[in-house]
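Worksheet: one structure, shown below.
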Amino acid sequence: SGGGSSGSGTNGSKSTSLTIANVGGTTWTCGFNPFNPSVSGLSIGFVYEPLVYVNPLQNSKETPMIAESSKWSSDKKTLTFTIRDGIKWSDGKPLTADDVAFTFNLLKANKGLDLNALWSSGLQSVEASGNTVTMKFSTPSQPYFYYIADQTPIVPKHIWSTGEAAKNPVQFTDAKPIGSGPYTVSDCKPQNVRYQANANFWQKGKPAIKTINYPAYTDNSPANLDLATGKAQWGGQYIPNVDKYYVDRDKTDNHYWYPPVANVQIFLNLKQGPTADLAVRQALAYAIDKDQVSKIGVGGQLPSSNQAGIVLPTFKDWYDQAAADKYGYKQDPAKVKQYLAKAGYSTAKPLNLSIISVSGYTDWEAELQEIKHQLQPLGINLDVQNIAGQTYDNKLYKGDFQLAYGSQTGGPAPYYELRQNLYSGNTAPIGQNASSNYSRYSSKKTDALFNEYPGADDQRQHAIVNDLQGVMLADVPTIPVLESVSWFQYNTKEITGWPTEQDQYALPAPYAVPDNEQVLLHLKPKG
Amino acid sequence: MSKLLQVTGLSVTYDTSSGPVTAVDQVDLDVQSGEFVGIVGESGCGKSTLLFAIAQLLTPPASVAGGEVIFRGQNMVAMNAGELAPIRWRNMSVVMQSAMNALNPVKRIRAQYADAMKAHGIRSKIEIRQRSEEVLELVGIDRVHLNSFPHQLSGGMRQRAMIAMALLFTPELVIMDEPTSALDVVAQRSLMLQIKELQQQLGFAVIFVTHDMSLVSHFSDRLMVMYAAQEMEYGPTRQVFDSPAHPYSRGLLDAFPQIRGPRVPLQGIPGAPPNLTAMPPGCRFEPRCPLRFDACAVTQPALYQVADVQARCLLHDPDHRDKAELGRDR
Amino acid sequence: MRFIVRRLGFFLITLWVALTLNFFIPRLMPGNPAQAMMARYKGRINPDALKALEVAFGLDTQKPLLVQYVEYLGNTVTGHFGVSLTFFPQPVSEVVAQALPWTLGLVGVTTVIAFLLGTGIGMISGWRRNGIADSVLPPVFVITSALPYFWVGLILIMVFSLGTNGALPSDGGYDQTLNPGWNAEFIIDVIKHAILPSLSILIISIGGWILTMRNNVVTTVAEDYIRMARAKGIADRKIMINYAARNAVLPNLAGFAISLGFVVSGAILVEFTFNYPGVGYMLLSAVTNEDYPLMQALFVLITVTVLVAVLISDFLTALLDPRVRSAS
Amino acid sequence: MRPGAGVLRAVVGNKKALAGAIMLAIFVIAAIVPQLFTTIHNPNQQFAQMLPPGSGHLLGTNAFGQDIWTQLVYGTRQSLFVCVMVGVLASVVSIIIGVSAAYLGGLGEDLLSLLTDVFLVIPALPLIIVIAAYAGGGKMPVLIGVLVITGWSYGARQLRAQAMSLRNRDFLESARVRGERASYVIVFEILPTMVSLIAANFLGIALYALLTEAGLQFIGLGNSSANSWGTMLHWAQTNEALQTGQQWWVIAPGLAIGLLGASFALLNYAFDEIGNPALRPVRRRKVRR
Amino acid sequence: MTAPLLEARGLTRVFRVGGLRNRHQLHAVDEADFAINAGEIVALVGESGSGKSTIARLLARVYPPSRGEIMFDGRPLSGLRTRAEVLSYRAAVPMVFQDPFSSLNPAYTVAHGIVRGLKLHRPDVAAKDRQDEAERVLTAVGLSPASQVVGRYPYELSGGQRQRIGFAQALAYRPQVILADEPVSMLDISIRIGLLNVMTSLRDEQGVSLLYITHDIASARYVADRMMVMYAGRIVESGPVEDVLGAPRHPYTQLLVAAVPDPRAELAVTAEMAKGEPPKVIDPKPGCRFADRCPLARDVCRTTTPPLLELAPGIEVACHVAAEEAGRGADSMIPAGRNS
Ligand SMILES: Nc1ncnc2c1ncn2[C@@H]1O[C@H](COP(=O)(O)OP(=O)(O)OP(=O)(O)O)[C@@H](O)[C@H]1O
Ligand SMILES: Nc1ncnc2c1ncn2[C@@H]1O[C@H](COP(=O)(O)OP(=O)(O)OP(=O)(O)O)[C@@H](O)[C@H]1O
Ligand SMILES: [Mg+2]
Ligand SMILES: [Mg+2]
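For the protein sequence lines, the chains are A, B, C, D and E, in the order given.
Number 254 in the numbering used here belongs to position 253 of the first sequence; there are no gaps in the numbering.
Number 305 in the numbering used here belongs to position 297 of the second sequence; there are no gaps in the numbering.
Number 840 in the numbering used here belongs to position 39 of the third sequence; there are no gaps in the numbering.
Number 286 in the numbering used here belongs to position 260 of the fourth sequence; there are no gaps in the numbering.
Number 307 in the numbering used here belongs to position 290 of the fifth sequence; there are no gaps in the numbering.
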């Protein structure tokens, strides 16, 4: 019988187990260092926890975890966490505010661990006293709450301050991770990681699912197959033709839900080439039939984006419908012709553009194929170049492209992605590495908006985001094409409690950390 | 002397892409015990094929199309592999045209001898070794060469090693296909002498093929002349040499320059042997024959007995006696 | 003796050339390992962090190329290939050691089977020339040998895995939820997982062996020493095996050894199609993940195995074929 | 059998070769005038997605709404083009290196032989994968270049062996004694005698190129916007065609590769027979025993 | 007597054999002195591997001599510089190769070599007439109908036919000396004599000289004026053919003549006369190379190389014993061959 039974025979107990099917692309190394991005997905949420969980799907709704509560000073320059009492590390030692402060200071001492660049963007000190931890910033830093509270896993001082871990925390394997999360690693093989419920977990009676298998899938097909046959119950990848392939195999128990989180967009080089001309960018924005791109590229599984760059419906509260209507960006051959003419192109002198994308990202390849086909009759020749990831990154960062297909990491509010796209601090001159503003948009006015946002109140923040949408619409620095989603397939035969469109308590993808912890804590055996 | 081998009407054809080619056509041949029979003929006239047919060693595309090979009273043509196996080598052995190819290049001489003996039930290692050394010394090769690979021996030694192998069981008949043609005159002579000596010593019969007529002149008791797949003349060697009954035999003899005596201009035989796929309708030698007459072009001559000799020439046909006298005069 | 010295000389020179190529090819590619690391951190990393990482990973690219080259050669000889970037911070040698048994087991065993089976079939069809086996098998397998590995794999999956509802698994080396070890359940599972990939290798590679063996036997059978063996009264079957096949297989030994050498790299596409946790698949992921240390180690491994195989085959052929020994 | 002009006759006379030649001819026609084989003249034209075979589409449509049969027909050109280009270029390289190695003698020969042997033992597929991944395998010239680089050595070795065996053949000395120049001897006396080996070598490389190109495309290191069989397989695989009722998307291009490959292999098989008369089939007649 | 047409002085050819470590020198031809006059057929006989072909190849400039000089028309070949000079020598002294299976290019019809030769050496024959000329020479060697033969490929011909093609090529150049390396070895007995007759008529009618290399001593006697006998790289006897065969002086020549089968004579030698293998001439030491097989050998034979001495008018022999018998002991060493 399907479901979790495949793993149940091996540990002797009859309890339901969960198997996750999520393509990692490689086999496991059996290292669980939560600061090593190649393996952190195996430890955060399972073994290591954040201070507070911030739900991107519900307007950054906060769920206290290690921290019982948190508080900003009024100037938004000081952040205080109160650490929950009675939390134990899985080895039985108590978790204290000291551990929390230690974790942040570990990042300070080892820049290689500070993946979110907290210490180079305003964090000045982290100190523990009693059961509180106080953080001081040089500027108002409210948006950093997400990175500090949600994105930083807390590690135990008594492990990380001695031995191998202390010597070189960057290269520390952390083969037997000690954390405060709901699970511990019971067995690791390159092919599979097995987790077992943490007996010391601070939420009594949880987790309800006692065993998790997280096999290493190096390719989509087998993972898809295992999901479709019910061998795995929690999936997080693109399944082509998901209704037929997945849902139809078990209409009652196989489900999927893909909440959008960010945009897949075309970065337009604003500094050189034809796209430096606004008319060209506008022509492009009117040239693409995004619904069709979605239909051909991913079988309609991704929603199309809007030019304002607001991910819908996730951030519908932030969307400025009126502004969007004013521009009315959608495929419009007449407008394309008009703007192309304005930029000096015609059938006699067609617009030739090239776009870079990452080889191996087959959905992107398919989408670009479709875009290319759409642009052709409109007098725009698009040369699609699928290049190796490293070469792609190199070109993207240095501005060595005309068009680039890519995406941002986003965050729990539109601010994050917009800032990544438009803030001049995130860019660099052509030839130097830009950190996220690849189009190289820069405007004093826009920068001022971004600088104001962290200190602003809620209403003002909405106003600022409206202005930023205006920039996207008017200046077309990027063209959002599709919304990228949190891929999520789940099987309800033996396990319930999954997040759904109706109950969006966390990002549902198994690779979304630390959201996965929320899901794991909600799951329970059926019946 | 008794009849050891009696071949009657033996024909062999090769299947080729342009239809079957008869490479041995209705050949009769008999060999007495202890006799040395020479077969001569030009290259490609079917000598090797005939030998293989006698030893039942033809491989596709060649096959026996008719005739009998009676060896020690049994018809070899009608026997299957199992029946042939015990006769082979024990009673009839073969020395092939080229010893380099007939010896397995990756096996030591010793192993190749042993194979043959084991196939006939001799299992004793000592017996095998003794016999191997014996025959090798018989042909004048040091016994250390039992451990040699074929390529380590010179051409002449390989030939001798082959002959030694043929004598492992002292068979009644040894078939030799040009065993000396790869050697130079001196080595050839020395090997021939040895063969003759062994034959007289051990008393086996030999069928010896060559296209060098002068070679057989000294060694063979009887001689068969082949031309274009057919037996042209067969009889005591001296007789064939002294008074060839077939114009072709005479032509052959006339084509040999002499090593002694006066230097006389020779003419040879004009023309070339016929193509096996397009035989003349009458006598096969007719197009080149200096003595041809009208009938030759249309009538296929039979084998006629002329004294001790058989000859396939219409001159010996009782109907054409007149012409024969003409021929003799020339 | 001279033979051995010459072959060893060739071995060393080729090895050196291959290692040198191996060193320079990644360095001719755009970008460098440090940038690869940066890409892995999705650009969220600031320059300080990057520097720190470079040092931590030993990706210090400041050293002159020549120094790096000498160090590389030294490391190669001692088997130190550094740490893998994909499997950070596992040492490359460990990573490879994990994958190697799978490939050796699957591809190695299959190659041996293909060789034996192909040689056997080739022997029989060459011996019974134009027999039923000979008119059917060689042409059929000539055609199958022209099929793409991965496609045969896909079709096998479609028929035997999907068609049987997963009775024969289509991916991986074993059921991940089992405990690897020397127990019957696991071993049976491993074998079940190996059936389809090994079948696809077999289908594709056996044709070559059949054909070469058949042709060798056919030419060998035409040799006079086979006729001679028949003349000696040796039984047919004995001639086929002891004379025809034995001699005909000699030229194939070198090919067999080389294909054994290529086992390590040979079945990349099969491992890819079946998601098999072997070296080939690992190489592919090393390439897509831009994992230079791993890539170089695998290259060295592959080249060395091929070279060793060639060396062994040379010696073996010399041992079995006296002609070769004296020719050189 | 004379290696040169007899080839054509020999091909026609050999059943396997004839089958191979006919198959190859069909592919060549499809590559040159694909319009003959399908009414849809744009392989990327979109119809309803995932139509089953029949339904106006011989093999149905794929997840992109493209007609699979048309894709197949139009894919012939690139696959064949790569085979032929690689075959020609690699043959030229192997002829130049192989034959000059045999004729240079001395140090030159040793160096060229070493080069050949090194390329022979260097694992080709991994090398191709690396080069393709970094040099942009999608670009046709790169792809062809890579295949040529990795494909020439085997042929060079064979040609060298053959040329070496010719080196002391009397007809070359006869030409020299006649007074011919060295260049004439190489080009007009040596090369023509190696025609069938060169042809076999060409076919071998073409087969290798076909399979490798398809493999590269399949694992996604090719140009995914190209119209080729490997690309079709790539897309089919990433769209789980086998599991979603689009089997023909996988079967058809694979079969096409297999058939084209088989035509090369059959021709090559026949060349073996042509080059080595001992291998030629014989008809066996029933014999009275 | 005028200067000989083609003359060799101290002609030596050494081959390197073995590998890097154990290099050896194989003396294929050692210190050969001989001459070929205009309108003369010289037979060169000797056992296999004695260096006959090597002499022909040296004369044909297939490779250069290691030592010694070849003179043509009184001029040393080493003096040939321009391509025109070389070509004119090649036209005058063509070679017929020993192995007809490897000396014709299998990729071309048999006319190829002849036509190329005409193009290079016979500017008087117009391009369109070359085919006719080719047919003419083919007819001359008895390949008829020539019009059918010209279009054939070598594989369509028998060994004997190929051999005649080789000979026809040489004829086409209008040569002065033909170097014929076993030109009739593969011809059927009945045809062989025809080609021999062609050779004599070439000499008699056109004054062409021939170096006729053969194993067939009887045929050498049939065509040749003079005969040279080689043994292990050295010329051991040379003289008018009847003298050499009628009264061989060198023990090897005697052995050779005795071994020649004569169908019409009684078997002369019954004893086992010659066993043993011809020596490979690798790194030779001084001494007679036949000494080990020679029934007459003495101590001096093993230590001193016998020079080629003129023992009777026109008859030169390299043998201590023969020299002594002729009253020309080792003390009176006037090398022969230099006095012409
Ligand atoms: N495999 C074959 N297929 C077709 N014809 C063949 C085959 N083998 C031999 N022949 C033909 O059979 C004829 C007789 O060949 P055979 O070998 O018996 O001649 P031979 O007299 O032994 O010649 P040689 O003196 O050259 O050895 C030849 O004309 C030859 O062309
Ligand atoms: N290119 C070469 N390299 C090395 N050795 C050679 C070469 N050519 C000839 N020899 C050797 O020189 C010796 C004389 O050879 P050559 O061919 O002149 O003999 P031959 O008298 O023509 O013999 P045959 O009668 O067999 O043709 C032989 O021992 C041969 O092995
Ligand atoms: Mg024969
Ligand atoms: Mg010679």
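C-beta: ideal position from N, C-alpha, C; glycine also.
Predicted model only: the values in this text are computed from it and were never measured.
Who are the Cβ neighbours of B/M84 in its own chain at under 6 Å, not counting the five residues just before and after it? Mapped onto the second sequence, residue 84 of chain B falls at position 76. Closer than 6 Å at the Cβ level, and outside the excluded window around B/M84, lie Q64, V77.
Between E/L121 and chain B, is any beta-carbon pair separated by less than 8 Å? Taking the first residue of the fifth sequence as position 1, residue 121 of chain E is located at position 104. Chain B, which has no Cβ nearer than 8 Å to the Cβ of E/L121, makes this no.
Using a Cβ distance threshold of 8 Å, determine whether the stretch 306-320 of chain E contacts the stretch 242-256 of chain E, with at least three qualifying pairs required. Touching, per the Cβ criterion.
Would you check whether ligand 1 has a heavy atom nearer than 7 Å to the C-beta of E/Y80? Counting from one through the fifth sequence, the residue named residue 80 of chain E turns up at place 63. No, the beta carbon of E/Y80 sits no closer than 7 Å to any heavy atom of ligand 1.
Of the residues E/S65, E/G176, E/F89, E/T126, the one placed nearest E/A109, counting alpha carbons only: To locate residue 109 of chain E, count along the fifth sequence from 1; it is residue 92. Considering only alpha carbons, the answer is E/F89.
Best match in D/F290, D/A45, D/V213 for proximity to C/I946 [C-alpha to C-alpha]: Position 145 of the third sequence holds residue 946 of chain C. Residue identity differs from the one stated: residue 946 of chain C is Ser in this sequence, not Ile. Closest in C-alpha terms to C/S946, from the list D/F290, D/A45, D/V213, comes D/F290.
How about E/A73 and E/Y229: do their beta carbons lie closer than 8 Å? Residue mapping note: residue 73 of chain E aligns to position 56 of the fifth sequence, counting from 1. Residue mapping note: residue 229 of chain E aligns to position 212 of the fifth sequence, counting from 1. In terms of Cβ geometry, E/A73 and E/Y229 do not form a close pair [threshold 8 Å].
State yes or no: is the C-beta of E/C311 within less than 8 Å of the C-beta of E/R266? Along the fifth sequence, read from residue 1 onward, the residue named residue 311 of chain E stands at position 294. Along the fifth sequence, read from residue 1 onward, the residue named residue 266 of chain E stands at position 249. No, Cβ-Cβ distance for E/C311 and E/R266 is not below 8 Å.
Any idea what DSSP makes of B/M87, helix, strand or coil? Mapped onto the second sequence, residue 87 of chain B falls at position 79. B/M87: coil per DSSP, three-state reduction.
From what residue to what residue does the beta strand (DSSP E) around A/T135 run? Numbered from its first residue, the first sequence carries residue 135 of chain A at position 134. Annotation: the continuous beta strand (DSSP E) that includes A/T135 extends over 133-138.
If you follow the alpha helix (DSSP H) that B/M234 is in, where does it begin and where does it stop? Along the second sequence, one-based indexing puts residue 234 of chain B at 226. Taken as a continuous stretch (DSSP letters only), B/M234 belongs to no alpha helix (DSSP H), being part of the beta strand (DSSP E) at 230-235.
Taking C-beta pairs closer than 8 Å, name the residues in chain E that D/V221 reaches, listed in chain order. Residue mapping note: residue 221 of chain D aligns to position 195 of the fourth sequence, counting from 1. What D/V221 touches in chain E: A124.
Which residues have their C-beta within less than 7 Å of a heavy atom of ligand 4, listed in chain order? Result (chain order): E/K69, E/S70, E/Q115, E/D198, E/E199, E/I230.
Run through chain A and tell me which residues come within less than 9 Å of D/Q269, C-beta to C-beta. Start at 1 with the first residue of the fourth sequence, and residue 269 of chain D comes out as number 243. Within 9 Å Cβ-Cβ: S222, N225, L226, A229, P241, N242, K245, Y246.
Count the other CB atoms within 10 Å of the CB of A/D394; is the residue buried (16 or more) or exposed (fewer)? Numbered from 1 along the first sequence, position 393 holds the residue referred to as residue 394 of chain A. In summary, A/D394 is buried, with 16 or more beta-carbon neighbours lying within 10 Å of its beta-carbon over all protein chains present.
Pair within 8 Å by beta-carbon distance, A/N467 and A/D321: As a working mapping, residue 467 of chain A is identified with position 466 in the first sequence. As a working mapping, residue 321 of chain A is identified with position 320 in the first sequence. Going by C-beta atoms, A/N467 is nearer than 8 Å to A/D321.
At a Cβ threshold of 8 Å, is B/V152 touching chain E? Translated into positions along the second sequence, residue 152 of chain B becomes position 144. Taking a beta-carbon distance threshold of 8 Å, B/V152 does not count as an interface residue toward chain E.
Evaluate C/F825 with the Cβ neighbour count: other Cβ atoms within 10 Å of its Cβ, from every protein chain shown; 16 or more gives buried, anything less gives exposed. Walking along the third sequence from the start, residue 825 of chain C turns up at place 24. Counting Cβ neighbours within 10 Å, C/F825 comes out exposed, since fewer than 16 surround it.
Quick check on the burial criterion: 16 or more other C-beta atoms within 10 angstroms. Buried or exposed for E/R92? Walking along the fifth sequence from the start, residue 92 of chain E turns up at place 75. When all chains shown are included, E/R92 counts as exposed.
Assuming C/F1100 is part of the beta strand (DSSP E), what are its boundary residues? As a working note, residue 1100 of chain C is residue 299 in the third sequence. Unbroken run through C/F1100 is the alpha helix (DSSP H), 1093-1121; no beta strand (DSSP E).
For A/Y362, count neighbouring Cβ atoms within 10 angstroms of its own Cβ and tell me buried if that reaches 16, exposed if not. Counting from 1 along the first sequence, the entry for residue 362 of chain A is found at position 361. A/Y362 should be labelled buried.
Taking only beta carbons into account, state which residues of the stretch 117-146 of chain B come closer than 7 Å to chain C, listed in chain order. Residues passing the 7 Å Cβ filter: D123, A124, A127, H128.
N-terminal and C-terminal residue of the beta strand (DSSP E) that A/N193 is part of: To locate residue 193 of chain A, count along the first sequence from 1; it is residue 192. Its beta strand (DSSP E) spans residues 193-198.
Measuring from the CB of E/Y106, is there a heavy atom of ligand 1 at a distance below 7 Å? Numbered from 1 along the fifth sequence, position 89 holds the residue referred to as residue 106 of chain E. No, the beta carbon of E/Y106 sits no closer than 7 Å to any heavy atom of ligand 1.
Please confirm whether any heavy atom of ligand 2 lies closer than 7 Å to the CB of A/S360. If you number the first sequence from 1, residue 360 of chain A lands on position 359. No - ligand 2 has no heavy atom lying nearer than 7 Å to the Cβ of A/S360.
What did DSSP end up calling B/P158 once you bin it into helix, strand or coil? For this step, residue 158 of chain B is matched to residue 150 along the second sequence. DSSP places B/P158 in helix when its eight states are reduced to three.
heavy atom of ligand 1 below 7 Å from E/H41 C-beta: Here residue 41 of chain E refers to the residue found at position 24 of the fifth sequence. No, Cβ of E/H41 sits at least 7 Å from all heavy atoms of ligand 1.
Nearest CA to the CA of B/I183: which residue from B/V15, B/P252, B/Q308, B/V45? Position 175 of the second sequence, counted from the first residue, corresponds to residue 183 of chain B. The candidate whose alpha carbon is nearest that of B/I183 is B/V45.
Is the stretch 282-295 of chain B close to the stretch 305-322 of chain B, with three or more CB pairs under 8 Å? Verdict: yes, contact present.
Shorter than 7 Å, the distance from the beta carbon of E/F32 to the closest heavy atom of ligand 2, or not? Residue 32 of chain E sits at position 15 when you count from the first residue of the fifth sequence. Short note on E/F32: C-beta closer than 7 Å to some heavy atom of ligand 2.
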